[in-house]
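Undergrad: Before we start, here is the structure in question, set down as structure tokens.
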Amino acid sequence: MISEIVPKHLAEEAEAARAWFAQDQSSEFKITGIVDPVDSPDEGKPCELQLILCGSQNGQDVCLREHFQVTPSASGFDIKHIVDNAIALGSPAPLLDPPPGVRETWLDNVRSQYAFVVLVFYRGLW
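Residues in the sequence shown are numbered consecutively from 3, following this note's numbering.
This is the structure:
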């Protein structure tokens with residue numbers, strides 16, 4: 003289940019993971035969803051979060067599903083990026099359709115550059 007709203011009890015952990023990922027990727031991302039959020043993390047114990055992060059990467063708008071282990075520490079949180087080895091690198095599987103509005107101005111920008119634009123939709127991927 004994907005929820006567009008991060009539960010309040012996971013807000014700090016999710017924001018810490020988002021900020022860490024954005025810094026690691028040298029890009030700005032925002033949280034647009036969370037996958038199967040845990041009911042309540044155990045106090046002081048690590049928890050795993052799967053976040054839907056949308057932003058700009060290499061000049062393109064992307065939405066990614068990223069998996070993190072977030073552990074409370076004296077300085078806030080320690081973040082570990084969990085890479086799913088079952089998904090081949092470069093595979094479109096981790097890419098997600100963006101929520102409404104993420105590519106709001108993209109088509110207008112591209113149309114001004116070309117005589118026509120072809121949009122291809124394949125099995126829900128863009």
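Here a beta-carbon is modelled for each residue, glycine too, at the ideal position from N, C-alpha and C.
Which same chain residues end up closer than 7 Å to glycine 92 when comparing Cβ atoms and leaving out the 5 residues on each side of it in sequence?
TA: Its pLDDT being 48, under 50, glycine 92 is placed unreliably in this model, and the coordinates cannot settle the point.
Undergrad: Of all the options Ile84, Lys10 and Phe118, which has the alpha carbon lying nearest to the alpha carbon of glutamate 50?
TA: Nearest C-alpha to glutamate 50: Ile84.
Undergrad: Who are the Cβ neighbours of glycine 57 in its own chain at under 6 Å, not counting the five residues just before and after it?
TA: Result list for glycine 57: Ser29, Glu30 and Phe31, in chain order.
Undergrad: Looking only at its chain, what residues have a beta carbon closer than 6 Å to the beta carbon of tyrosine 116, apart from the 5 residues adjacent to it on each side?
TA: Excluding sequence neighbours, tyrosine 116 sits near nothing in its chain.
Undergrad: Assuming the contact rule is C-beta atoms closer than 8 Å, valine 119 and arginine 113 should be a hit. Round their C-beta distance to whole Å, please.
TA: Indeed, because the Cβ distance is near 6 Å, the residues count as touching under 8 Å.
Undergrad: Closer than 6 Å by C-beta to isoleucine 4: which residues in its own chain qualify, once you throw out the five before and the five after it? Chain order, please.
TA: Excluding residues within five positions, the ones whose Cβ falls inside 6 Å are Gly35 and Val37.
Undergrad: Taking all protein chains shown into account, do 16 or more other C-beta atoms lie within 10 angstroms of the C-beta of alanine 19, making it buried, or fewer, making it exposed?
TA: It counts as buried.
Undergrad: Let me know if glutamate 6 comes out buried or exposed under the rule of 16 or more other beta-carbons within 10 Å of its beta-carbon.
TA: Burial call: exposed.
Undergrad: Quick check on lysine 10: does DSSP put it in helix, strand or coil?
TA: Here lysine 10 sits in helix by DSSP.
Undergrad: Of the residues Asp80, Gln59, Asn60 and Asp41, which one's Cα is nearest the Cα of glutamate 17?
TA: For the residues Asp80, Gln59, Asn60 and Asp41, the minimum Cα distance to glutamate 17 belongs to Asp80.
Undergrad: With a threshold of 7 Å on Cβ separation, who are the neighbours of glutamine 71 within its own chain once the five nearest residues in sequence on each side are excluded?
TA: Closer than 7 Å at the Cβ level, and outside the excluded window around glutamine 71, lie Pro48, Glu50, Lys82 and Ile84.
Undergrad: Between glutamine 59 and glutamine 27, how many whole angstroms is the CB-CB distance? I'm expecting something under 8 Å.
TA: About 6 Å separates the two Cβ atoms, so the contact holds.
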